[in-house]
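One gets this note's numbering by counting positions in the sequence shown from 1 and adding 170 to each.
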Amino acid sequence: MPAACDSLVEDIEDIVSAQDPKPHDRQFAKKSIVPHVRKRNKHKQDEVTEDIEADSVIPGTQKIWVKTWGCSHNNSDGEYMAGQLAVYGYKITENSSDADLWLLNSCTVKNPAEDHFRNSIKKAQEQDKKVVVAGCVPQAQPRMDYLKGLSIIGVQQIDRVVEVVEETIKGHYVRLLGQKKDKGKRLGGARLDLPKIRKNPLIEIISINTGCLNACTYCKTKHARGDLASYSVEELVDRTIQSFQEGVCEIWLTSEDTGAYGRDIGTDLPTLLWKLAKVIPEGAMLRLGMTNPPYILEHLEEMAKILLHPRVYSFLHVPVQTGSDSVLMDMKREYCIADFQRVADFLKEHVPGITIATDIICGFPGETEADFQETLKLVQEYKFPSLFINQFYPRPGTPAAKMEQVPAQVKKQRTRVLSQLFQSYTPYDHKVGEKQHVLITEESFDGQYYVAHNKFYEQVLVPKQPEFLGKMIEVDIYEAGKHFMKGKPTQNGKIHTPSIVKPLLKGEVSGLTEEFKALNENGTALPAHHYWGSEKSFSTSLLPWNLKGPRVKIVSVGLAVLAVITAVTMAIFR
């Protein structure tokens, strides 16, 4: 039996036979048809209305409020997300009540930070705001009850924030929690050259790696950031150069453990720092972020040399967490107090004046009074000028949460005693009368002073004179407090400008690649919704910062052609 498609149809008219009804006959027949009224399903009608409303939303025109909690790594992620949204057309606002959508970038280190995050979600919902959540809390526990029905951006998916926000505004919810990999190997995260809105245009925060090599029993961040994954030296040097070309005068290197940098890619932290030191302009400064004792021990001599470099702050944040070896063992910190003391003593000897900051956890499960006394003894010995005191909070899903807890009143009492010890000494009194060179980068919280830092990253308050911001000047120290010094410019002192170009304005987007600037200037490629409207198939792989080389031209020309075809077609059928 021949197939139905065996007969050849030369023309569309061949389908119509002489016996088929003519258009006139069909029209006449309609007159004899009695219309039958069908009762509409109200639920389905509402769904259709909702779909029409969703499809009529034009993404890229709304106001977004971005709120970030936590560490400098998280702050950098928040800056990247704000930058991409701004480039796409969204307006980043500092007024939450004006925003159409709240982007909440969370921290999972302590209970209070998560409480603030959860309360912000509730507040947004009460105000009928769209909500997108990001950061370590949803990455570590996406199935939490209060996150149901919310869009989530994973910590390694921040380059897809536009896609998630667009779908959320249209009434959908999206969850992107995957890891970035290349040939099966986990990467440090999204590209470093993404658009960004720096909270402070003078300071660039660069994440050099994500995750860590430890398995601390109290740490929830490990569940979110995972194992160590480092960016290449070349990527980090390029990002540093790019930042200085945008007027930045201070670089912060950050990660969950900077000391572990490079162990997964065959390099190390000193190698990176020496490369970066070569590209720092005169007067600009680099600050190294937190490092755990085990990995810095391997590089002490080289680290001392780097911290003596005139364009690197003589500052290191080395969290000890407790003065007790038995508590360290329960924490699985992989070092003992003698290791920490070796790091601190070596650096204090070979980097005169260095600032060593540290962290202490009070009331870790199993901590005895004798253990706590060891902690007090350590603080008394070193008199850390910068000490972050944290009462222990059991984080869900961590081994420490299952351990026998220290009573709440004991934790509070120990936190209070340690705080009193810290407040009992003043680390800067002996510096009154000194002349110091300081780099001025921001305004004080009360708005009365500019905030500067000397070579040891000690805070110095200076007169609020606009010509000083972003400059390195010499000051006379005339007063010292617990956490700061005050200085006044020396007479006839030289004002040095470290920025090689004029800094960006506050709120201005940084990190735009040349290819994206060219596309915008030529008008070749517009944001994707100009071509596809609200199609759910849109992917941020088509955004300009995800395009490379010839592919940019091919996709851009293709989109332009598609737009012309669409316009012509609509004109014909009107």
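All C-beta atoms, glycine included, are put in the ideal place defined by N, C-alpha and C.
What does the alpha-carbon distance come out to for the pair leucine 439 and threonine 538? Cα to Cα, the separation comes out at about 36 Å.
In angstroms with no decimal places, state the Cα-to-Cα distance between asparagine 462 and lysine 581. So the alpha carbons of these two residues sit roughly 24 Å apart.
Which residue spans inside the region 542 to 623 form an unbroken alpha helix (DSSP H) run of at least 4? Taken in chain order, the complete alpha helix (DSSP H) segments of 4 or more residues contained in the region 542 to 623 are 578 to 593.
Mind listing, in chain order, the continuous alpha helix (DSSP H) runs of no fewer than 4 residues lying wholly within the region 366 to 423? Counting only runs of 4 or more, we get 391 to 395 and 403 to 414.
For the alpha helix (DSSP H) containing glutamate 284, list its first residue and its last residue. 281 to 296 is the extent of the alpha helix (DSSP H) around glutamate 284.
Nearest to methionine 460 (by Cα), restricted to the options Gly657, Ser242 and Val521: Looking at Gly657, Ser242 and Val521, the one whose alpha-carbon comes closest to that of methionine 460 is Ser242.
So who's on the other strand from leucine 486, going by DSSP bridges? Looking at the DSSP assignment, leucine 486 forms a beta bridge with Ile526.
Could you check what DSSP says for methionine 499 in three-state terms: helix, strand or coil? It is helical.
Pick out whichever of Gly240, Leu467 and Ala385 has its Cα sitting closest to the Cα of lysine 502. If you compare the alpha carbons of Gly240, Leu467 and Ala385 with that of lysine 502, the shortest gap goes to Ala385.
Starting from the C-beta of valine 549, find all residues in its chain whose C-beta is less than 8 Å away, skip the five residues before and the five after it, and write them out in chain order. Closer than 8 Å at the Cβ level, and outside the excluded window around valine 549, lie Gly493, Ile530, Leu557, Leu588, Leu591 and Phe592.
Assuming leucine 347 contacts alanine 304 under a Cβ cut-off of 8 Å, what Cβ separation, rounded to an integer in Å, is found between them? Not a contact, Cβ separation roughly 11 Å.
Tell me which residues share the same chain as leucine 498 and place their Cβ nearer than 8 Å to its Cβ, disregarding the 5 neighbours each side in the sequence. Here the set comprises Gln491, Thr492, Tyr505, Cys506 and Ile507.
Where does leucine 255 fall in DSSP's three states? Correct three-state label for leucine 255: helix.
Could you check where the alpha helix (DSSP H) with tryptophan 239 kicks off and where it finishes? First-last for tryptophan 239: undefined, no H or E at that position.
Where DSSP assigns a beta bridge to asparagine 265, which residues make up the other side? Bridge partners of asparagine 265: none, in fact.
Is the beta carbon of alanine 399 closer than 8 Å to that of asparagine 379? Going by C-beta atoms, asparagine 379 is nearer than 8 Å to alanine 399.
Taking only three categories from DSSP, how would you classify lysine 706? For lysine 706, the predicted structure reports a pLDDT of 35, less than 50, and the residue's modelled location is therefore unreliable. A value from the coordinates is still provided. The DSSP-derived three-state label of lysine 706 is coil.
Taking DSSP as the reference, what is the three-state secondary structure of isoleucine 228? Coil at isoleucine 228, not helix or strand.
In chain order, what residues of the same chain have a beta carbon less than 6 Å from the beta carbon of proline 464, not counting five sequence neighbours either side? So the qualifying residues of the chain are Glu504 and Tyr505.
What is the C-beta distance between lysine 625 and tyrosine 483, in whole angstroms, given that I count them as a contact (C-beta under 8 Å)? Lysine 625 to tyrosine 483, Cβ: 7 Å. Contact.
Neighbour-count burial assignment, glutamine 661, 16 or more Cβ in a 10 Å radius: With fewer than 16 other Cβ atoms within 10 Å, it is exposed.
Rounded to whole angstroms, what is the Cα-Cα separation between lysine 641 and cysteine 277? Using only the alpha carbons, I get a separation of about 33 Å.
Run the CB neighbour count on phenylalanine 615, radius 10 Å, all protein chains shown included, and call it buried at 16 or more, exposed below. Burial call: exposed.
Would you give the residue range spanned by the alpha helix (DSSP H) that leucine 439 belongs to? 439 to 447 is the span of the alpha helix (DSSP H), which, as asked, contains leucine 439.
Below 8 Å between beta carbons: does that hold for valine 488 and phenylalanine 510? A contact, by the Cβ cut-off of 8 Å.
List the whole-angstrom C-beta distance separating valine 608 from alanine 622, where the pair is believed to meet the contact cut-off of C-beta under 8 Å. Indeed they touch by this definition, with Cβ atoms about 4 Å apart.
Judging by CA-CA distance, which residue of Lys518, Gly436 and Gly453 is the nearest neighbour of methionine 473? Per the Cα distances, Lys518.
Can you give the Cα-Cα distance for glutamine 232 and lysine 261, rounded to whole angstroms? Rounded to whole angstroms, glutamine 232 to lysine 261 spans 6 Å at the Cα level.
Rounded straight-line distance, which links the Cα of methionine 573 to that of valine 418: Whole-angstrom Cα-Cα distance: 46 Å.
Which residue from Met251, Ile421 and Ala269 puts its Cα closest to that of glutamine 326? The shortest Cα separation from glutamine 326 among Met251, Ile421 and Ala269 belongs to Met251.
Does the beta-carbon distance from isoleucine 339 to leucine 271 come in below 8 Å? Closer than 8 Å, so yes.
Determine which residues share a DSSP beta bridge with methionine 655 and list them. The partner list for methionine 655 (beta bridge, DSSP) reads Val630 and Ala650.
Test item: CB-CB of leucine 467 and valine 513 under 8 Å: Cβ distance < 8 Å, so leucine 467 and valine 513 count as in contact.
Cutoff 8 Å; reference glutamate 337; Cβ partners in own chain excluding five residues on either side: Ser321, Tyr343, Val344 and Lys706.
Opening and closing residue of the beta strand (DSSP E) in which alanine 304 lies: 300 to 305 is the span of the beta strand (DSSP E), which, as asked, contains alanine 304.
Could you tell me which of Asn265, Leu674, Val334 and Tyr619 sits nearest to tyrosine 258, measuring between CA atoms? Selected option, being the one with the closest Cα: Val334.
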